[in-house]
Each structure stands twice: as structure tokens, then as C-alpha cells.
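6 protein chains.
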Amino acid sequence: MKKELKIFCAGSNPALTSAIADVLQLEQSPLKMSRFSNDNISVQILENVRERDVFLVQSLTTPVSEHLMKMLITMDALRSASARRITAVIPYYSYARSDKKDAPRISITARLIADLLKTAGADRVLTMDLHSPQVHGFFSMPVDHLTATVLIADYFRKKPGSGNMVVVATDAGGAKRAGRFAQTLNIPIAIVDKRRLSDTEVTQSGLIGNVKGKDCIIFDDEIATGSTILETMKTLSSAGARKIYLSAVHGVLSGDAVPRLREAGMEELVITDTVDIPEEKRLKNMTVLSVAPLLAEAIRRIHTGESIGEIFPH
Amino acid sequence: MKKELKIFCAGSNPALTSAIADVLQLEQSPLKMSRFSNDNISVQILENVRERDVFLVQSLTTPVSEHLMKMLITMDALRSASARRITAVIPYYSYARSDKKDAPRISITARLIADLLKTAGADRVLTMDLHSPQVHGFFSMPVDHLTATVLIADYFRKKPGSGNMVVVATDAGGAKRAGRFAQTLNIPIAIVDKRRLSDTEVTQSGLIGNVKGKDCIIFDDEIATGSTILETMKTLSSAGARKIYLSAVHGVLSGDAVPRLREAGMEELVITDTVDIPEEKRLKNMTVLSVAPLLAEAIRRIHTGESIGEIFPH
Amino acid sequence: MKKELKIFCAGSNPALTSAIADVLQLEQSPLKMSRFSNDNISVQILENVRERDVFLVQSLTTPVSEHLMKMLITMDALRSASARRITAVIPYYSYARSDKKDAPRISITARLIADLLKTAGADRVLTMDLHSPQVHGFFSMPVDHLTATVLIADYFRKKPGSGNMVVVATDAGGAKRAGRFAQTLNIPIAIVDKRRLSDTEVTQSGLIGNVKGKDCIIFDDEIATGSTILETMKTLSSAGARKIYLSAVHGVLSGDAVPRLREAGMEELVITDTVDIPEEKRLKNMTVLSVAPLLAEAIRRIHTGESIGEIFPH
Amino acid sequence: MKKELKIFCAGSNPALTSAIADVLQLEQSPLKMSRFSNDNISVQILENVRERDVFLVQSLTTPVSEHLMKMLITMDALRSASARRITAVIPYYSYARSDKKDAPRISITARLIADLLKTAGADRVLTMDLHSPQVHGFFSMPVDHLTATVLIADYFRKKPGSGNMVVVATDAGGAKRAGRFAQTLNIPIAIVDKRRLSDTEVTQSGLIGNVKGKDCIIFDDEIATGSTILETMKTLSSAGARKIYLSAVHGVLSGDAVPRLREAGMEELVITDTVDIPEEKRLKNMTVLSVAPLLAEAIRRIHTGESIGEIFPH
Amino acid sequence: MKKELKIFCAGSNPALTSAIADVLQLEQSPLKMSRFSNDNISVQILENVRERDVFLVQSLTTPVSEHLMKMLITMDALRSASARRITAVIPYYSYARSDKKDAPRISITARLIADLLKTAGADRVLTMDLHSPQVHGFFSMPVDHLTATVLIADYFRKKPGSGNMVVVATDAGGAKRAGRFAQTLNIPIAIVDKRRLSDTEVTQSGLIGNVKGKDCIIFDDEIATGSTILETMKTLSSAGARKIYLSAVHGVLSGDAVPRLREAGMEELVITDTVDIPEEKRLKNMTVLSVAPLLAEAIRRIHTGESIGEIFPH
Amino acid sequence: MKKELKIFCAGSNPALTSAIADVLQLEQSPLKMSRFSNDNISVQILENVRERDVFLVQSLTTPVSEHLMKMLITMDALRSASARRITAVIPYYSYARSDKKDAPRISITARLIADLLKTAGADRVLTMDLHSPQVHGFFSMPVDHLTATVLIADYFRKKPGSGNMVVVATDAGGAKRAGRFAQTLNIPIAIVDKRRLSDTEVTQSGLIGNVKGKDCIIFDDEIATGSTILETMKTLSSAGARKIYLSAVHGVLSGDAVPRLREAGMEELVITDTVDIPEEKRLKNMTVLSVAPLLAEAIRRIHTGESIGEIFPH
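Chains as they are written, first to last, in the working numbering: chain A, 5 to 318; chain B, 5 to 318; chain C, 5 to 318; chain D, 5 to 318; chain E, 5 to 318; chain F, 5 to 318.
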């Protein structure tokens, strides 16, 4: 139906984009990014995209503002170059965490970014494991929202002793996500009941559920500094947990998160490549599953008009 | 700043609107609703609203489509009659439950309704206890989102023996709400870990947390048929719970929900009047707290430009 | 050009939709409508519609608000499921009667509904015999506006004695429609000159034109309770009319309209199936002409890009 | 509430604007219109309009395209000069005649112009006697739609022998307007039943209603060339009419319309000044009633937020 | 990809449109323009355009308002007749001269017109030599902006003695355009340094650059009355210039511009046919280069999705 | 008219904002900017802004993407906190340089940013010395566009020997700006005629105008690396210029621009504080004029509805 599919990368995920292009047996299309002396970004699309079905891959990873602006400017250039359809492929939509107004006079930035993407020319969005599924509704265009939960569950299922595991949520807000993950693996859950004592003090009042003698998988959508996880690991250890696995879809891993978690005794860290993790950062005890096959299949189906909902259980 | 504040009711909450008007020491403004012989709705505003600051109260209660259409048509009439600003006051926004895409090819109707409200002329929204706080971000206009949690917690705090209570969430998805409620009361939580065995069978695999000898408050945003609650009550009884209180902000109470819950041994049902509950349905063991003072104060502050965030802790 | 045409029914016209699908030699596509316990409507499209050219049939018949909301929610689901184009097929657009501001502070609801349809995702509209042709201009998207006038005129033309007939408009506002219908049949018209004496009293000051010894066809766009028609029948009888036929495109027929009209001596009632008329309501003296062939041909032409204006004389 | 009201004229109605300003005891605000050598129009507002409540008077009279463009450019200049609110005062909205699609592939230009006005910055519209009342619904902003019917009826009511008059519509499409006018005067109506024999031939098949020995008022929304009226006058004379008055709200009077009508024996032509009629064109037998007091009162009420619907019976 | 390309002319450039159609080996598609007696414009498209890829040619030449309105109404008719895509081909976009706010409270009309085109249904624009390249950014849709500079430069390059030429800008604002033209020809530039002495007096304080004994080409985007050029010619003559050529893309040539320029001793006037120049106005010393091949090639590439940027050096 | 004026700074210009607040005798309003561990920006407005007239100061200086995102998120927070009007005060709108499409498939980013500002909630813009005046037309909201040219001209006028000065533009594109500046000082201009020999080589083919024995002011809208200026300084020196002053409104001064320029022998660098220049960077030979009084006066007038055009000659 659509003429030629084209795939571009706006800078955040070169390896993932390349892997997707490989699965699709396509050449990644070239663009030129430069910077004027006043720090303005300049983007030039280096191939004709008239009437083409264009997919632009960009995660909102550090530096987030830069990556976002590069995506917006690239989309504007694509649109004005007469691309027929532009799909923003955003494996990690970090601002999804700003999804509600839990303090006065703040911005629900996940909605703002959705609107900015539309203003800049996005016709549709392909994303993965949004912090809350409601963020889907922030977009005024069609969204395909995939999950890597099954991919990660499959990985753990193959481990010996997976029957003796328990999934742990680091607070009540993560109970639902942990519950769905636990159900996929058919194992129980436990939840840390974190209480805020005052504006400045947080305490973990205890653990709901049983972890004694069990291997725990602390599961979340993203891991950044790992501070909350460190607290949870202590709580689990005190409660008699055996091994502690950490897993998340989005491996933000800011600062010295990985060394600290390893020091604290994590058994293994299992994440995906929605956030780019350069080779030198891929340390021991760290497993990076690739979402490239999932994204590639979704892109193929979007392009040809085949069903996605029937394939991916999100 | 704004000329005269006017308050209208589009049919769903006559008693609440009247109570709000009383608090504000205003006369409720009149409108005429009729129906043509082809079932079309007709609305006429019976007072001049030019340049007025208008508040239109309507909950999306049964019959929901009728109530929604009446609100949309009334807003269109107000706008075309040159109201300066129209605030949709929606104490119970029932479609907030359709807030994500948990099956293929469904509508995130909570977003659709938000867009329809804007199309029909709403300039802002005042609502209460949305099913998930993310629904706030579905609106492209300013929203004031109040909560009745404090009101309900205050009620329970005054009960003798409130120190021995535990808040129960009926599934992992409600853990966060229950947790915040429990924190307000400074008591523990317990969670029912409900598992879906297949597309047609659901089982409750157990209870996480301790309820033995405790008075339980099953707390949710809304109670409709009460089926899930009935299951939870059985689970709690088996687990040695003493009294079981039920509480929710929105008392939808469809069909014979209340008799069935009373029969099942509930101690008391505590709800608010965001959903209209006629006098004849206000039975024994049922406490209806009024949100009129909260809404009235919010309306007053919206009208005068005073801060709301500083007063209401949402 | 477009991939596969798909046709859905949102509930109001199952028989008509089925007849259209038959003419087009298509299977009607399935969707599932259900209702949550809080009365919210839920719609799921049960077939892949990505990049498909979708036609959704729904008349705004009783219960109008329900039928409208079902159409809006279904369109939202179709759009978010990536349908390439959505045509709202609305055989009877009842709110077209709310097309002007003939009282202060009312809503021109025909325009509001047009805007709501756009908000919910309609790309174009296919409709029939709008109350006034100006309603076409309320839509900000392409509209194909068909008429069943020719279909009905053909029916009467074949009756013996059709040369001795006269078309009657029940008031001055219907004179133009009656005039066009009369011209198609090449017969004269007569008009009831209805005068409003005060806000509460209406009188019919007389009949303009000659009906003595003639067979009359009272012709309108829709018949609901039939009260006005009953008055007109009396006026015609007094003026010496012979037989009285009643005809309208949209047979709303609310309450006991048909029995009352039959009792009053109508010769025959001729309508179409733009409003669903279940078998048990299709009584003697009542002829229901089907618009399915017209709508099917229009749908085929919209899908293939053939001219409609050249075929249908509207 | 609003700062200073300002009134501008975009060129079509200098006398009317001046009369409105007089009633309002305001100075008309100045602007400069010029033309570049490439025929581009240039408009400069010559007074500060920041935060002012601006009314811009312009009828869409000959040359229509010029007058429209001047209005659009002036509104754009006003908006960009930070006017707080811009009301387009359009006494004669000539394109209202293009209000439906009565031939294939034409534009419903009355809707297009409404959208252009919005694009150029109009916040609201004040207009008079639209060709059909449905045109009101073409605007997506508040419209105040006045009528001069009462003004004209009052004029005729004061004539001796007004009880012996009959209102005549030149075709079935005008029956409703004539009917409302007749009702105001409490006199009967008659209608010319014009039939189109083929695409090129039109015949008037006769007159419905009685005019013998009566003084007729041929009443329409506008009179342009007067050709149809000339035909109607012949029909009326043949049917025994006595005097023939002509009346319309909008006196377009193109070409030699007035001399031809006078020659044909019209008793008097009664119109208003919604279309500018220079002194030299105001001949004998021609009465021009001014709508300035109506428009001025409406402007005053729009500015102060007083009700208009309660005063003007439209 | 797209069905059948269709090309229409809205009245301003019949010869150019016909030449474009010839290059593309297409029949120009017919439309009917007429005028009602109230001066309203009426347009009917006389061919089916459903799903067609339509190009509408119209320059904003005298009478500008008429030509613009005809284009807007034609586009509205095309859109409502279900054209798949409408490209506004505007060889001369005269309002581009109103591109900035160089006086208080004026309209940046070039932006307004861009917005009006969008409102009326334009999906894209194809234009030539905008007064300033920034005007491209006024459009919120894709624009292909061609230049005839190369065409004109080629013409001069072939003249004997072109090596001894100098390009002259009539003021500092034209220096950049003249500079680019000079660079194409690889010859020097000179600039008239025009100073405004007061609001009413302008003086030319002198010439920057050397023209003594040289053949000058006064080059601009458009020539209207030629008054500025006449001044410049005097300045050049005083400075010892030999021959003086005049050249511009857009030959507006209002009033008696050409005779005056010829009288003043211009050697030759070289323009293009973006502005229609009827045969009788094509005098001696006047060369009209046709842009039809450029526009035709661009239209072909837009239709097929081939690159334009790679071909045309704008 | 408007309640309380409030002024916020989004981070780029703390000193300028503070100076503006001082002139207006206001306290600058507080906001809190923080960063989540995934690099997301978080903004909280720390004062009630309901119904307030808010001015948010932010220049698009290095790091541009960060500063832009902070402005967008802050505006979203202000809007959702019910600010009555938000004016984006952007002293230096750096992306104005991306104002045209001078290469294929690039973004006219100055337009994109204008649209993003609108999406995020800006109601109006106050800016200074846009790279080209046409950029004003990129905004779809009212813009007040001030210039610091007069401020700088006043500074030079007071220098001894200012009568012997000449203004130099570094290329033809800057001729117009230099011309206006020269006219204010009533001195001549000279222009460097820079030619591009090929895609990679640029040469300066010479100087148009006379600088021998004169003091030159190289004048531009912004100075970043200063490379072009260095070339121009050489050209001027070769041509016999005496002192060389450098001046620009926006002192971007990236890298070691200032030392290099000083080394090259500039007499003095005169800029303004539209770009924040910390105390330690304010070296000898460098004069920073403050635009705070201009911006403060404009803000005051915007707030009170007084004319700006009449005061500032832009």
C-alpha cells in the first residue's frame, strides 16, 4: 500500500535502530545532525522521503532535552520534506513518569510531550512499557504500545528453580505491574508497604507477603539510581530472602547504580536495550535482552496494515 | 474579577447542586430540559449568562449516555449564549474507568469524553477521585481534581477502635489507593492477590497481609454491583477478620448491591454523594457523607482566583 | 485504491446494515458491545481494521443518546485501531431538526453533533434527507447527502390515479420540500397556513391551494407522533379531499402514532427504512421502501472514487 | 467589565457605522486603507486597541471579494494589535445564499466564509436576517442574529388600509419567511408556485392563495436585479391585485433594478440600510429604514453583557 | 500511487496553466465560474475529482481579492467533492510583500493568506520566488518553493558582453537577492543606498559599488509601477553606466510602467510569465521567459513522489 | 483590568529578570526546578497564579534545548495552574536564524519553536531583534518585537568622532540591518561582498563602499564565534580602516570569541544583556548595555493595555 518504508535514528539508539533495520532487511536512512555556533541544532534528511512511510527511532534518554529536540526537529524536517506518514518509535518514553499531578502547580509533562510530538508532525507512535498504561491516552494519535514483560518472563522461566521465585514490588504503586509479571510466571508476589512519614522522611513500614527462603525478582518498569531498590534489598534480606534478582524493562542506570547494586549483592540484573547501553557498560551479572525483534515486527505490521493487537498481548 | 457566578445542574445531581448553591449562598440558575417526539433532547437556559462565570454540575451516572448528552448540549447552549467561562463540575466521572487499552481495538473512552467536553465548550473541569490520577492528563484544559479521601478518613478516625483497623484493597491495582488511605489513618494495609486463571475463570489466590482479629475497611474508588467486594469479604472472613466496613467515594450501587452486601454481613457502608442517592435508597448501615462543602469551596476559589492546591491535598 | 472495505453496524439499524452488506456482497464486520456495571458502554472491534476503509452505519433513533454514544465510542475504537478512513453512515440524522436558534439560549445541536462526530474520528459522512439542506454545511468534513424522494415519488407514480393527486405541506416551512416532491410527480401543491396565536395556542388559519375531490399526499421529512398530521387531515377532509396518503422519509412513528393515523382514515403510510422498523411493527396500510440499494451504491462509489453527484439528483 | 468599546468600519457601510456610533455616543475609530502598486490591500489601525472591545462593521456588498478581504485583513491587524475581543458586525452577509449543495461539486460558501472569519480573528458575529436561519450554525463562535422584520412590519402597520393587505412569497422557499412576516401583521399570505420545467426553462404554474382586490406586499430577504419580482408582479396583476408594495431587508438593487420595478408599477419599495445606499440612489417611492438603532443597542448589550435574546424576537 | 493527476485554473493564469498541461500531456480540467446578482462568486467543478490528486493554478494578480476568493472557493468545492489532495500552485504570491510588521498595528498579510489557504482546504503549496525566503515558514503545510533566477541568469549569460555586466539592487533590502543572482552569473554587484529623510521624503544618498562603463542589470523579485527603478536608472546613468537592463521574476507592470521605463532608456526588460501578460501587452524590448516547464516538472514530481530539492537549487 | 502581574524566570536570564522586576518594583515569583534521576526536568510553580497575568523570561541560549524545554514545561505548569495569560518573554530567540529553507529537507525551526510555544500554552510573545523581521509572522499569537538598535546607536552617538564612522555589514544579507542602523546615526554604510566559490570554499570578493581613514562599526544581530567578523576585520584593515568597533544585540560569544577578537585589534565590543553574560566574562573593551528598562516598560504596557507601537520604533 505505502511506498517504501524508511527507518531513521535521531541519535539516542544507534545500535537498536541498526538491529531493527537488520531484522527488516533494510538500510537505515541517513540524516545529518550538526550544531550552529549559537548551540542551535540543525538536521538535514539526506534521502528523498516524499510519500514514504517513515519510522523515526528515538528514546528519551539522557540528555533528554537534547534527544527530544532532535526528534522534534527531525520530524519537522521529514514532514516538510513531504513524508507520507511519520511514526515516532520511542522505545523508552521517560517522561511517562510525569503522568499525574501529585503536587500543586506542576506539569503533567507526559501529556505535554505527547502534544509537542503531534505539533512537530508525528502521525503515530510506537512505544514500550509506559510507566502507567494510562499514558497511552495522553496521545491524540494512534499508539502501538508493546511490552517486554513476556520477553523478560521467558528469560526467568528458563532459569532453574524458577518455581521457587517471588516477584517483589518496591511499593504499592508497582503492585499491579508486579502482579501481572508474577501471573505470567505463575508465582506469588510480595509488596513493600512504604510510608511517607513527613514531607522529608520516608520509611518502609514493612513487607506484605512471604519471601523467606525464596529467590526474589524485584521488578519495575525502570531502574535509574537504584536507591529504592537498595532499600528493598535490605528489607528482603532481613525477611530471609535467598537470591535477589533485579529486573526492569528500561535500564536507565544513572551514575554508579550498577556497581552499587552489585556490591549490595544482587544476583543478576536483567534489562532490555530500550535505553542504549554501550558495550563498555555491559558488565558481568548484567543481561541485556534486545527488543529489536519485537519493534521490527511491529513496524512491519504497521507498514503493511496487519494486526498488532492479535500478536502482542498488551 | 468575573461578573456574577452562576451554577446550573444538568439533571444528575439535583440535591448536591442545591447543597453547593446553599453553601455559596446563591440561587441555582434555571434551565428547561425537554424532549422532542423523536427523542431528541432540548435544553434552554432560562437566565441571561452573557459574560457570566458558569459552573455546570453533572455526574456521569446512570443513564450515562443521557446524562453526558445533556451536559454537552447544555454547555453548547451556554457557550452560544456567550457565557464567559464554563466549568464542568463532574463529581463522578464514571468513564475514568476506561483509561487504558487492556484489550485490542477498544476505545480509551475517558480520553474521548474529555475531548467531547472540550468540543462542546468546557473551559475547565472540576472533578473528584478519578479512577486513576493519570486521567487528569486526558484533559486539554485546566482540571481541579479533589479527593474525598480525607473526608472519609476523618469519619473512620472518629470511630472507637479505629486504631485496630486495617485497609484492604480488592486487588493489586487498588493497592496504591488503599495505601494512601491507610497512611492518612496511620494503619496497615492488606491486599487480595487476585489471579486470572484463563479468559473466563478468575480465582483469588490469597491475601497478602494480616487481618486476623482486625476490623477491615475495604476501600475503593467506586462500588457498583459489589460482586468483587463480596468475594473479598469471604476471603477476609476466612482469614479471621472481625468487622468489615465498606467504603468508596462513588456509590454507584447498581441493582441490589446494598441488600446483598448487608446480607453478607457488612458492618457499615460509607460513601459520598458524588452519585445522587435518593432518600428512599438511603438505608440503615449506610452513611452518605456530603462533598458539597468541598465543591463549593473549590468553586468559590476558582471564581475568585484563590489557590486550590494549597488547601486540598490532591 | 483503498484496501478492503469494511462495514460495521453500531446497533440502530441491523436489518438495513445487513441489506447493504448483501448488496455489496460483503460480510458485515463484527464488534462487541457491552456495558459495565456503572452503565458505561464498552465497544470492542473484533476484526483487524488497520488501513481499511471503514463504514459505520448508525441512525440517531430512539434511544438517541445511547445510539449516538455507541457511534462515537465505536469510531474512537476504529480510529485508534488505525482504520485508514471512517465514514459515518447516518441514514436518519434526527438532530438535524435542531438546526437554528428559534428561541434564546438554546443549542443548535445539529452543529454540535457534527463537531462531536469529527472529534470522535469521522472522516466523512453519508446521510439522507436532512431536515434542511443547510445542515450539510454544519459538517467540517465531506458529506454525501442522498435523498429518498425519488424512490417515494416512483412508488406513488405507479399508483392508479396519481394524476389527480396533490401534495400537501403541513406548514409554510415544509412548502419547499413539498414543492420539490410535487414537481417530481408533476402535480400541484397545497399548504396549510398555520398561525401561532400566542405562546401556548396554535391555530390553523386555513388552507392555501385546492384539494377538493383530490387524493392528497401529506409529505414531510419525518413522521413522529403524527399530531400535526392529524390536524392537517381534518383540514383536508373539511376542504373536500378524497383519499389521504401520508408519506415521509423517516418513519420515527413514536408511541401509538400508526394506530391513531389509521383510525383517522389514512389511506396508506409510505416510509423508508432509515429508521429501523421491526417486523412486528410493519402493519397493514404501511409500506416500507428500502434505501439499502441507494446507500450500498453510494458506499461503493465512495470506496472506489466514482462520482456520486452525477448519479443521485440531490 | 471590558475596557473601552471601539467601533471601526472596514469600508462598506460608512453611513450606517457613523449612525451606530452616534447612537452609542462614540467617536468612530480611524483606520487607513491603502493599496500597493501590485493591488495588495494594506490596512493600518490608527488608534491603540490593546485590551479593547472592538466592533468592526462590514457588509458583504459589491464588490464582495474586496469588502471581505478588507474585513479579514483589518481583523488580522486588530488581533495582532492585541484587541481583547473582535466582533464582526455584518449587517448583510450576502454569501448566506450559498448555504446548501443544490448542484454537485459546489462550495457551501456561507460556511467557508464563516471559517475564514474565524481564521482571521473574529471572536463573535453580529448579523441580520440571514437568508436561512440555519446559516447561524455555520459559525463556530457565538452569533447574535437580529431581524429587521419587526421594523418593516411596524412601517406597514401604520399605513392606512393595512388590514386589507396580503403578504406574497415569490416561491415556496420563501413561504416560511413570508408567513412569519404576515403573522406579525396579522394578514394572510399567498405563494407563487414556481415550477422548473427543464434545466433552462422556468414557468410559474400559478398562485396559491387569494389576492384579488388586495394590496400585496412582496416580501423577501433581499432584492437584487428584481427579475423574479417582476414576474411575480405580473402574476399578481393578472390575479386582480390592487397596489403592489415591495419589501426586503437587504436592498442589493443591482443594475437598473429600481427603475425597472418602478416602471412595472410598484407602489413603494421598503428596504433597510444594511446595504449602503448612497443619497443619490435614494429615489422617490423608496423608503430606507435604518437598522442603526437595533445594531447599536445590540452592540451596547454585547459590550456590557446584558441579554439580547430577551429584547429582540429572533 | 495517487490516482489520476488533475490540473485546474482558477482564472488568473489561463495561458500558463495551459502550457503546464501541455508539458504534462494532460487535458486541463473544466470548472464553471459565475456570479450571482449580489456579486457573490459561484464555482462548480465540472469533473469528478474523488480521490484525485488535484493541482489548482492561481497567481495573486490584479484584481487580487477576486483572484484570491476564486481560489479559496474553488478549493472548498474541490475538498468537499472529495479530492484526495489539493496543491495550490501560486506562481506569484503577491502578498509575500506584506511579510513583516514595519509599522504599528498592521497585518502580516502573507501569513494571514497562508492560514486562509489552509482553512479553505489546501494540502500543499507550490510557489515561486517569494519576496523573502522566510515567507515559506508562514505556511503550516509543505511548500515547494522554486526560483526562476537560474532561468533568467541563463538568458543573460548567453548575451554578448555578459562578462562586463554588473547586477544592481535598488536598495539594501535587495542586496542579498542581487548578490545571489550576480554570483550565478559570476559578476559584481552594486547597491543603491537609499535613505529615508523623514516620513514623507526619501532620498537616494548614493551608489555603493562601481558601474562606470558597465552594462547594468537592475534585478528585483517584481516590477510594478517602476518608480523606484526609474530613480535607480537616473543614479546609474549619472554614475556612468552604459546599457541598463531591467529584470524581475514577477512582471506586475501596473499602469504605464513599461512605456515609462522604455522612455527612460531601458535596454531590455526580462521577466517571466508568473503574472499573466496578454499578447497585446508583450511589446518590443520585452522578453517573457516561461516558467511552465519548471512548474510542470515540479507537479510531476510532487505527484509521483520524486525528489524536487535535488533538482531545483532553491 | 488584569489581576496582579507576575514575573518568572525559567533559568536563562536571572540577572536580566531581576533587573526587569526591579524596574517594575515587583518581587520575582519563585519556581522550583529539579531533575529526576532519569534526567527528566521537573518544574513547580511556588506561588498561586490563578487568574494572574504572567510573564516568563527565557532566552534560547546555551544549552538551548534545555532552556527551551524548561520554558515549555514551566508554561505548561503555569497554564494548568490557571494563569489567565502567559507572555513568553524571549529576549534572544536564537532559532530565528533557522528561518528559511536554504537546503533541501531541513526544518524551518524558527517556525517549529513558535508552534511548540503555542502548544505549551504561550498566549503572547515579547522578543527582541529577531534575525529577520519576517520571523514575527511565524507566530500565530500576538508578538511584541522590540529592538535594541536605538539603544546601541545612542551609545555610539555619544562617542567623540562618531561623525566619521561607517557601518559595515559582513555580507549582503546584513545590508538592510546595517543600513537602518547607519540611518539612525546618519552615517554611510559599506558591505562585504562575500562569494561562495563552491560548496566548500568561500571567498570575500571585496568591499563595496568606502572605509579609508574611517572608524568602522561592524554591526550584526548576533556575534557567536566571531569568525566572519575576523575575516571582515582583515578586509577593513586592508582597505585602510582606522578603528574597528564591533556591535551586536545578542552577545552569544561562544568559545574564545572575545579573546580572539581583542587580539585581532577590535577597539570595543558593544552588546546587550539579552544573552546572560556572567560578571567574570565581562572583560575590558566590552560594553554591555541593559535592555531591562525596555522590556520592563513593554511588560508594563502589555499588562495595562497601553500602546507599545507608539513608543518603540520597530
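For each residue, glycine too, the CB sits at the ideal point set by N, CA and C. Note that the coordinates shown come from a computational prediction; the quantities given were computed from them, not determined experimentally.
Quick check: is the beta carbon of Pro-192/E nearer than 8 Å to any beta carbon in chain D? no
Can the beta-carbon of Ala-90/D be found less than 8 Å from the beta-carbon of Ala-126/D? Reading the sequence as shown, one finds Ile at residue 90/D and not Ala. For Ile-90/D and Ala-126/D, yes; Cβs fall inside 8 Å.
Buried versus exposed call for Leu-60/D [16 or more other C-beta atoms within 10 Å across all chains shown]: buried
Secondary structure of Gly-167/C, DSSP reduced to three states: helix
Using the Cα positions of Val-154/D and Asp-277/B, report the straight-line distance between them to the nearest angstrom. 50 Å
Can you give me the C-alpha to C-alpha distance between Lys-6/B and Ile-77/B, rounded to a whole angstrom? For Lys-6/B, the predicted structure reports a pLDDT of 44, less than 50, and the residue's modelled location is therefore unreliable. The matter cannot be settled from this model.
Residues in its own chain within less than 7 Å of Val-27/D by CB, not counting five upstream and five downstream? Ala-296, Pro-297 and Ala-300
In this structure, does DSSP put Met-79/D in helix, strand or coil? helix
Helix or strand or just coil, what does DSSP make of Ser-63/C? coil
Three or more C-beta pairs closer than 8 Å, one from the region 166 to 177 of chain F and one from the region 216 to 235 of chain F: is that the case here? yes
Taking 8 Å as the CB-CB limit, is Glu-310/C close to chain E? yes
Per DSSP, what are the beta-bridge partners of His-149/B in this structure? Thr-131/B
Report yes or no: is there a C-beta of chain A within less than 8 Å of the C-beta of Ser-41/F? yes
Would Val-215/F pass as a contact of Val-170/F if the rule is Cβ separation under 8 Å? yes
Distance between Leu-20/C and Arg-304/C (C-alpha atoms, nearest Å): 16 Å
Separation of Gly-255/E from Ser-242/E, as counted between CA atoms: 26 Å
Using the beta-carbon of each residue, which ones in chain C are nearer than 7 Å to Ser-63/D? Near Ser-63/D there are no residues of chain C at all, since even the closest Cβ is about 21 Å away, more than 7 Å.
As assigned by DSSP and simplified to three states, the class of Leu-293/B: strand
State buried or exposed for Asp-106/F, treating a residue as buried only when at least 16 other CB atoms are found within 10 Å of its CB. exposed
How long is the line joining the alpha carbons of Val-58/F and Ala-81/F, rounded to whole angstroms? 12 Å
Using three-state DSSP, classify Gln-29/A as helix, strand or coil. coil
Within the continuous beta strand (DSSP E) that includes Leu-287/D, where are the two ends? Premise fails: Leu-287/D is in no beta strand (DSSP E) and is neither H nor E.
Does Asn-17/D have its Cβ less than 8 Å from a Cβ in chain F? no
Beta-carbon proximity of Thr-113/E to Ser-41/D, cut-off 8 Å: no
Under the rule that 16 or more other beta-carbon atoms within 10 Å means buried, what is Leu-211/B, buried or exposed? buried
With the cut-off set at 8 Å, would you say Ala-152/A and Ala-179/B are in Cβ contact? no
With burial defined as no fewer than 16 other Cβ atoms inside 10 Å of the residue's Cβ, what is the status of Arg-1/D: buried or exposed? No information on residue 1/D is available, as it lies outside the stretch 5 to 318 that chain D covers here.
Determine the extent of the alpha helix (DSSP H) in which Ser-231/D is found, giving its start and end residues. 231 to 242
Buried or exposed (CB count within 10 angstroms, at least 16 for buried), Thr-313/E: It should be noted that the sequence gives Gly, not Thr, for residue 313/E. Gly-313/E comes out buried.
In this structure, does DSSP put Thr-276/F in helix, strand or coil? strand
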